[in-house]
Each structure stands twice: as C-alpha cells, then as structure tokens.
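A.B. asks: Next up is a structure, given as structure tokens.
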C-alpha cells in the first residue's frame, strides 16, 4: 500500500466515524478521491475552496468554471454536479410526506428544497386542499437572473390539476435581500384576484434568497 493509499484509508475511516468533525476542505478532499484516484487531492481541495470561496461555491460552479482549475477534469466536474443534484433530491424527497401545512414555517419547510443551489430564478407552487393537507408541489418555471415571469395560466393549470382549494406561490431572488419588489406585490394581488374567481385561495407568497425567506402574508404585504 502506497503513501496515498494509506492516507486515503485513514481519511475514510475517520470520516465514517466522525463525519461532522470534518472541515469543508477535508470533505472536498475526500470526494476528490473518487475522481482523482492516484493524485494527492489535498492541494486541489484547498485551491477549489480558495477559488470559489466555500464548499457551496464549489458545488454551485459550472463544469466549465470547475475545469479551469488545474487538476479538475471531466470526472470531477460531473461528480460535483451529481453530488449537488443528489443533495437537492434528498431534501425534496424528505419533505414529500402527507403533511398538514398551516403556516409559513410549514410552507418554507416544504418549498425550500426546490430552491436548493438555484443559480437562476425559479417559480414553484404548493397546492393544498380545504383542510390544509399538502396535495403536491409543482415547479412551474426557471429563467435567467431576475427574469421569471409569473404565468397565471400555468399556476391555474397546476392548481386545477390537483383540485387545490388553496395555493402558496414561491420564487427566489438570486441576489440581494428576501424582500418583495413592486412587481412581486403587483403580480401577487393580480394573481390572487384571478384565482379567487376560480374558487382558489392564494394563501401566501414566499420569497427565498439563500438561507433567508420572507412570507408576504406574515410581513403584511399581502392578505388573502
């Protein structure tokens, strides 16, 4: 067994015993074992952390950006994308339960996974029955930065397809603060009126930015 092999085995054993004790650069070093089977991945892990600022920054980087770093080939770039996709799907599946959602905390727990690691704006709809039971979440669109248009037809179709009595709209801002823009407020009130005519209540509108979330209803910007 070579020097690298012995180090890698010790790293694996240590990680399995105490994964929460690993700093981010060591997690990255360990992950790189599976893309760079022969080289010392510690310097590369440090370089990636320095280049992209954090573990999240590494996972958010595009394959093209990653491969500009010497030592990162196609295998590593794909591996990072797979890990990020798995994390997002895991969070989504963990929240797909027969929940009763009654407040913004419940809505946030169900909707946040759909915005995990998003680089563009996304639009999602949480559908509820008359007793606040979760019927499902529909992802309605994704656009360039600051370019998601709230499409009334898509929202209405999604709500009707699940026989929803109420819906919670959610979208993200990819930068700035989790505060509604004038356009957000106008579109929320317009959508609420249209859905009301269809006997569907727009219960709330959530805006996500990174780890922050604002409920327009809780903040007094909107009342159903």
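Residue numbers (the working numbering): 646 to 869. All C-beta atoms in this analysis are idealised placements derived from N, C-alpha and C, irrespective of residue type, glycine included.
1. Using 8 Å as the cut-off, can you tell me whether the region 702 to 709 makes contact with the region 681 to 689, which would need three or more C-beta pairs spanning the two stretches below that distance?
2. Is there contact between the region 808 to 820 and the region 838 to 854, where contact requires at least three CB pairs shorter than 8 Å?
3. Would you give the residue range spanned by the alpha helix (DSSP H) that residue 694 belongs to?
4. With DSSP run on the structure shown, which of helix, strand or coil describes residue 656?
5. Beta strand (DSSP E) containing residue 781: first to last residue?
6. Please list the terminal residues of the continuous beta strand (DSSP E) segment that includes residue 670.
7. Leaving out the 5 sequence neighbours to the left and right, which residues in its chain are closer than 7 Å to residue 696 when beta-carbon positions are compared?
8. Pick from 728, 707, 745, 801: whose alpha carbon is nearest that of residue 672?
9. As a quick exercise: from 656, 770, 719, 736, pick the residue whose alpha carbon is nearest that of residue 802.
10. Looking at residue 675: is its Cβ nearer than 8 Å to the Cβ of residue 716?
11. Can you have a look at residue 783 and say buried or exposed, based on whether 16 or more other CB atoms are within 10 angstroms of its CB?
C.D. replies: Straight from the coordinates:
1. no
2. yes
3. 687 to 697
4. helix
5. 779 to 788
6. Residue 670 -> not in any beta strand (DSSP E); alpha helix (DSSP H) instead, spanning 669 to 677.
7. 714
8. 728
9. 770
10. no
11. buried
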